[in-house]
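Residue numbers (this note's numbering): 173 to 780. Here is the structure we will look at.
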């Protein structure tokens, strides 16, 4: 992916954009932290965040229109140039101690980001294509997070270096740290130069016209929201992201006061440093999701992320150690990466190219409506004396709802993601021949059967669910029955074999993938056992093919029945498991023919 022309320049632009925006925000927040205490500190911090959110709400329609109508690289270029002039104004306000102006320019800088946003994220799909969309989102999320992390640490350290305890008000503090403004200007200038070098990847542009009258009347708002609502999957992803960002915003807004009042911490480097660890976590989480999204957008990590976040938010008020809280913030970041990367990639993947900018702007709009509402409520609660601990519990409650919502949509995917994480601790998986599986036809997947994990191995690289035929006794296992039922497995018994074959036929007629292990049992020796002919009774009047599969590398595993000494592995050594998907066979192929084909694959691929 990184060899694609423009990718590295794009990453630099994304880094500098986030680094500069965050720099000014940190300076303002640290100034508030030094001057104010208690409820007023929480209120002013929430107001700063609100000023950053409002432009994304107000510019929903114009920013989406611009991203769909004009080349996204040019929008980023001109937005970066605008940032140069805004940062010059910010630097002027620092030198003259104009806190209110500096405070207000936060809004203007956010206005630039709101115009920038849909083009910035829409450019991912144009630049790297669908093949690398998960990896592209992970790289951008990691880059943004590193920039935020670097900005927090860099500007907090410089702020503390220039700050003096004798300074008593906002004006004096701003004048003392005024040279930092030139760093903001420098970052914006470099960002603009790199943005100028980005290639134009626009293939199709919207022909819509934009009129101020329709914008003010709300006509564009209604139309654009209707465009977003056409696909329920997009709406679900946007709502989940909105709740996630709302929780995150409130947690970050109240943590400074919580640390000051409950932990006795007054140094901004410690406070910002703890929150910065969430950024490190997001980097790790994003890269981990990208690793496990090699073949498709792995939305299973969304459920894991939501549950993990909810647990951590509930835990924080019970912990008195800043070191443990720092660790929790890092875990919070990892779970955040699990949630953000797949959902953002899914929105981009499902969005028509001509409406991508509008949908991404709508994503920003809805997220910021949620965040703004949560911050207003936080401000009201804090102003009326509500303890920050109670606010943590309330956000934990929202996290529980987010967990319920994501597990409801992605329950089966979450199970597979958990299996993938657990399996990767002991195994290294390699898949070959995935291109042989047609995306527009039914597939009867026939494989050799070497371990209890085979049904997991075959599913992991496939976005389409496999409808496994399995023994009714296994189907009714207490722990797994709910998953097997939700995963649409087909129970088979001697008394109801015909019913099971009829059900398999129905699934194939719908274009699904049906998985069968024709040996009927796990192999107890090195050779492939005789294939049973039961699957031949499935009617053939469906549009589909048979895909033969050979699994290699599980002999000797605790999950295999054949465990000779030569296949044993040291406990801390990962087992190299390889799965080969053969070329399509006619659906009329007999058991002997499929068995012979898989034996040929064994001769070709099996490691001695």
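Ideal Cβ positions, reconstructed from N, Cα and C, are used throughout, including at glycine.
Flag this pair as yes or no: are the beta carbons of residue 282 and residue 235 separated by less than 8 Å? Result no, Cβ atoms of residue 282 and residue 235 do not sit closer than 8 Å.
What does the alpha-carbon distance come out to for the pair residue 300 and residue 284? Cα to Cα, residue 300 sits roughly 25 Å from residue 284.
Mind reading off the beta-carbon distance from residue 309 to residue 513? Whole number of angstroms is fine, and I expect it under 8 Å. The C-beta separation of residue 309 from residue 513 comes to about 5 Å, placing the pair in contact by the 8 Å criterion.
Taking only the alpha-carbon atoms, compute the straight-line gap between residue 323 and residue 442 and give it to the nearest angstrom. So the alpha carbons of these two residues sit roughly 14 Å apart.
Which same chain residues end up closer than 8 Å to residue 505 when comparing Cβ atoms and leaving out the 5 residues on each side of it in sequence? Taking residue 505 as the centre and dropping the five residues before and after it, the same chain places the C-beta of 317, 449, 450, 451, 452, 453, 454, 455, 456 and 457 closer than 8 Å to its C-beta, in chain order.
Residues bridged to residue 639 (per DSSP): 686.
Validate contact between the region 663-673 and the region 638-649 using beta carbons, cut 8 Å, 3 pairs: Three or more Cβ pairs drawn from the region 663-673 and the region 638-649 lie within less than 8 Å of each other, which places the two stretches in contact.
At least three beta-carbon pairs within less than 8 Å, the region 515-522 to the region 400-413: Yes: the two stretches touch, three or more of their Cβ pairs being nearer than 8 Å.
Nearest residue (CA-CA) to residue 641, options 747, 617 and 632: Cα-wise, what sits closest to residue 641 is 617.
CA nearest to the CA of residue 413, picked from 538, 369, 332 and 335: Relative to residue 413, the option among 538, 369, 332 and 335 whose CA is nearest is 538.
I need the boundaries of the alpha helix (DSSP H) containing residue 598, first residue and last residue. That run of the alpha helix (DSSP H) goes 560-598.
Among the residues of its own chain, which have a CB less than 6 Å from the CB of residue 694, if the five just before and after it don't count? So the qualifying residues of the chain are 621 and 733.
Beta-carbon spacing of residue 238, residue 291 below 8 Å: Result yes, Cβ atoms of residue 238 and residue 291 sit closer than 8 Å.
Tell me the rounded alpha-carbon separation between residue 246 and residue 361. The alpha-carbon atoms of residue 246 and residue 361 are separated by roughly 15 Å.
Residue 213 classed as buried or exposed, judged by whether at least 16 other C-beta atoms fall within 10 angstroms: By the beta-carbon neighbour count (other beta carbons within 10 angstroms, threshold 16), residue 213 is buried.
Terminal residues of the continuous alpha helix (DSSP H) containing residue 328? Here the alpha helix (DSSP H) through residue 328 covers 305-334.
Would you check if the distance between the CB atom of residue 686 and the CB atom of residue 582 is smaller than 8 Å? The Cβ atoms of residue 686 and residue 582 do not sit closer than 8 Å to each other.
Which word fits residue 586, buried or exposed, when buried means at least 16 other C-beta atoms lie within 10 angstroms of its C-beta? By the beta-carbon neighbour count (other beta carbons within 10 angstroms, threshold 16), residue 586 is buried.
Go through its chain and collect everything with a Cβ distance to residue 176's Cβ below 7 Å, but skip five positions before and after it. In its chain, beyond the 5 residues on either side, 299 and 300 have a beta carbon closer than 7 Å to the beta carbon of residue 176.
Residues in its own chain within less than 8 Å of residue 637 by CB, not counting five upstream and five downstream? Residues of the same chain with a CB within less than 8 Å of the CB of residue 637, apart from the 5 flanking positions on each side, are 584, 631, 659, 660, 684 and 685 in chain order.
Taking the alpha carbon of residue 633 as the reference point, which residue from 753, 352, 677 and 288 has its own alpha carbon closest? The shortest C-alpha separation from residue 633 is found at 753.
In chain order, which alpha helix (DSSP H) runs of at least 4 residues are fully inside the region 397-446? Scanning the region 397-446 from its first residue to its last, the whole alpha helix (DSSP H) runs of 4-plus residues come out as 404-434.
Pick from 760, 706 and 749: whose alpha carbon is nearest that of residue 713? Nearest C-alpha to residue 713 among 760, 706 and 749: 760.
What are the boundary residues of the alpha helix (DSSP H) that includes residue 274? That run of the alpha helix (DSSP H) goes 271-300.
C-alpha gap between residue 749 and residue 578, whole angstroms: Computed Cα separation, rounded: 31 Å.
Have a look at residue 547 and residue 328 and give me their C-alpha separation to the nearest angstrom. If you take the alpha carbons of residue 547 and residue 328, they lie about 23 Å apart.
Among the residues of its own chain, which have a CB less than 7 Å from the CB of residue 592, if the five just before and after it don't count? Apart from the 5 residues on each side of it in sequence, residue 592 sits with its Cβ closer than 7 Å to the Cβ of 464 and 632 in its chain, given in chain order.
Boundaries (first-last residue) of the alpha helix (DSSP H) holding residue 614: No alpha helix (DSSP H) contains residue 614, which is instead part of the beta strand (DSSP E) from 614-619.
Count the other CB atoms within 10 Å of the CB of residue 418; is the residue buried (16 or more) or exposed (fewer)? With at least 16 other beta carbons inside 10 angstroms of its own, residue 418 counts as buried.
Around the C-beta of residue 675, are 16 or more other C-beta atoms found within 10 angstroms, so that it is buried, or is it exposed? Buried is the label assigned to residue 675, since at least 16 other Cβ atoms lie within 10 Å of its Cβ.
Opposing strand residues paired with residue 339 [DSSP bridges]: Residue pairing of residue 339 in beta bridges, as defined by DSSP: absent, with no partner found.
Between which two residues does the alpha helix (DSSP H) carrying residue 361 extend? Taken as a continuous stretch (DSSP letters only), the alpha helix (DSSP H) holding residue 361 covers 352-368.
Determine the contact status of residue 489 and residue 565, defining contact as a CB-CB distance below 8 Å. Inclusion of residue 489 and residue 565 in the CB contact set at 8 Å is warranted, their separation being smaller than that value.
The ligand MN and residue 721: does any heavy atom of the ligand fall closer than 7 Å to the residue's C-beta? In the structure on display, the ligand MN does not appear, and there are no ligands present to speak of.
Which term fits residue 401, buried or exposed, when burial requires 16 or more other beta carbons within 10 angstroms of its beta carbon? Classification of residue 401: exposed, given that the 10 Å Cβ count is below 16.
Contact under 8 Å by Cβ, residue 781 with residue 422: As displayed, the chain neither begins before 173 nor continues past 780, which places residue 781 out of reach and without an answer.
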